[in-house]
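Numbering (this note's numbering), first residue to last: 5 to 367. Below is one structure, written out as structure tokens; comments come after it.
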Amino acid sequence: MCVSTLLGRSGRRNSIHRLGDNVYENMQESQEVLMPSHLDEVIAAVSVTSKKRIPNKLLQTALFQPPREKLHLCQERAKSCLSSCEYKQAIQELVRCVALTRICYGDSHWKLAEAYVNLAQGYLQLKGLSLQAKQHAEKAKEILANSIESPYHDNTDIFKCSIELFHTMGRALLSLQKFKEASENLVKAERLSKEMLQCGNIIKEEWVEIQARIKLSFAQVYQGQKRSKEALPYYQKALEYTEITKDERSLECVPVLRELAGVEQALGLHDAAVNHFSRAHLIVLSKNPSPEEAADSAHFIARAAVASGRHDHHAHAANLQESDQRWKMEPPKPSKSPRLNQLFVVLHPFNGRKKLPPLLTKY
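So this is what it looks like as structure tokens:
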């Protein structure tokens, strides 16, 4: 049934309840949520810019900016921090976004739910904070369930927010190894995105981008349960969609290629595994990596080649020539770069030495 039809019959809140299979009911936020109080949020929102970094006049200008301007500024800074992998700083900006969104739109607006979803996604970037991500996603569900909008309001953005919410919750539950619940949320995200595409609420390109992330999460759910055979087609589809949306030489393809190759290796598909590790390595080399990044990438191929037990796979060591040149220019210290030393041992087992150099024996 079309999204617009659902809204016309029973209102947006009822449609969200139906699409979520009543997951919004009886939700209660845990006391362990690491979210500041309203007063702390206001202080964080006012203190958007650090006093140490700007002159007093500029600080005064920042303090008296309209909240929506501050919100836009924080959103841009959060995006910048995430793109440069400065996740702790990104979390600070995302917390400010929550505070400012509450000030701008109130406690019952879908944009506040969106801000909590973004914060949950930020926490998922940091190891060990999946529980906090789950709790912020639960808060977003609660807000969406109680949000109030005009019946004439375009609900496309709200349903997009719901897709992100279900996907983020699925990822958080996956990190907590709650595979059944994770799968249930991913199914909801996939179902809602498909319905929106059929009704023309999103374009095909946007749907493909959403599917790339959902398929990858499904693959990780299966692989987390050691169900490699079931994970394989999801990884293949995730790679296909990622290549369509990001270009096949994008760095975003690298983790998908590596995870796909890992599954293929587990299934004994060594040719495919070595091929996909090699593709990932060539992408990394094309982006001017550091010596350690190049070595880390090459290490995947080396291990896959050795695991196959086939001599012809050692030919793939030719792909590592550029990395070898980097190591010669910047010899690694064993205490800081053990993987470089491991890789040297794996790739050069027939270099004429009867014994390993003392530097390498401990690895």
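All C-beta atoms, glycine included, are put in the ideal place defined by N, C-alpha and C. Everything numeric in this text was worked out from a predicted model, so none of it was measured.
Going by Cα to Cα distance, which pick from the options is closest to residue i?
| i | options | result |
| --- | --- | --- |
| ASP111 | GLY132, LYS233, ALA149 | ALA149 |
| LYS291 | SER151, GLU209, SER254, LYS131 | SER254 |
| PHE163 | HIS303, LEU178, ALA144 | ALA144 |
| HIS171 | LYS250, SER88, LEU220 | LEU220 |
| PHE222 | VAL212, TRP211, GLU234 | GLU234 |
| SER282 | PRO295, SER301, GLU297, TRP211 | SER301 |
| HIS274 | SER87, VAL310, HIS140, GLU146 | VAL310 |
| TYR245 | ILE218, ASP161, ILE147, VAL267 | ILE218 |
| HIS113 | HIS140, SER87, GLU146, GLN129 | GLU146 |
| GLN129 | GLU90, LYS74, ASN159, PRO295 | GLU90 |
| ASP158 | HIS140, MET200, GLU185 | MET200 |
For residue i, count neighbouring Cβ atoms within 10 angstroms of its own Cβ and tell me buried if that reaches 16, exposed if not.
| i | result |
| --- | --- |
| ARG72 | exposed |
| GLY174 | buried |
| GLU97 | buried |
| PHE68 | exposed |
| GLU118 | buried |
| ILE95 | buried |
| SER84 | exposed |
| ILE207 | exposed |
| GLU252 | exposed |
| GLY132 | exposed |
Taking 8 angstroms as the cut-off, decide whether the C-beta atoms of residue i and residue j are in contact.
| i | j | result |
| --- | --- | --- |
| ILE287 | CYS257 | yes |
| LEU196 | SER151 | no |
| GLN377 | PHE183 | What the structure shows of the chain is the stretch from 5 to 367, and residue 377 is not part of that stretch, so it cannot be assessed. |
| LEU178 | VAL225 | yes |
| LEU261 | LEU289 | no |
| CYS108 | LEU75 | yes |
Distance check for residue j and residue i, CA to CA, integer angstroms please.
| i | j | result |
| --- | --- | --- |
| ALA308 | TYR239 | 18 angstroms |
| LEU190 | GLU263 | 19 angstroms |
| ILE305 | PRO293 | 16 angstroms |
| VAL102 | THR249 | 29 angstroms |
| VAL121 | SER312 | 42 angstroms |
| LYS138 | GLU194 | 19 angstroms |
| LYS1 | PRO237 | With the chain covering only 5 through 367, there is no way to say anything about residue 1. |
| LYS241 | LEU135 | 29 angstroms |
| TYR127 | GLY204 | 32 angstroms |
| GLN93 | GLU188 | 32 angstroms |
| LYS332 | HIS303 | Confidence at LYS332 is low in this model, with a pLDDT of 45, below 50, so the placement of that residue should be treated as unreliable; the coordinate-derived value is given next. Those two C-alpha atoms are separated by around 16 angstroms. |
| LYS192 | VAL99 | 27 angstroms |
| PRO70 | GLU142 | 29 angstroms |
| GLU268 | PRO259 | 14 angstroms |
| GLU247 | GLU209 | 12 angstroms |
| ASP161 | GLU296 | 42 angstroms |
| ALA186 | HIS140 | 15 angstroms |
| VAL278 | VAL212 | 27 angstroms |
| ALA299 | ALA276 | 21 angstroms |
| VAL88 | ARG106 | The residue asked about is misnamed: residue 88 is Ser in this sequence, not Val. Near 27 angstroms, if we compare the C-alpha coordinates of ARG106 and SER88. |
| GLN202 | ARG81 | 35 angstroms |
What distance in whole Å lies between the Cβ atoms of residue j and residue i, which are believed to be in contact at a cut-off of 8 angstroms?
| i | j | result |
| --- | --- | --- |
| SER232 | LEU271 | 5 angstroms |
| ALA370 | ALA216 | In the structure as shown, the chain starts at 5 and stops at 367, and residue 370 therefore has no counterpart that could be examined. |
| CYS78 | LEU116 | Going by Cβ atoms, the distance from CYS78 to LEU116 rounds to 14 angstroms, so no, they are not a contact pair. |
| ALA265 | HIS280 | 4 angstroms |
Does the beta-carbon of residue i, which I'm using as the reference point, lie nearer than 7 angstroms to any heavy atom of the ligand ATP?
| i | result |
| --- | --- |
| VAL225 | Summarising the ligand content, the structure contains no ligands, and the ligand ATP is consequently not present. |
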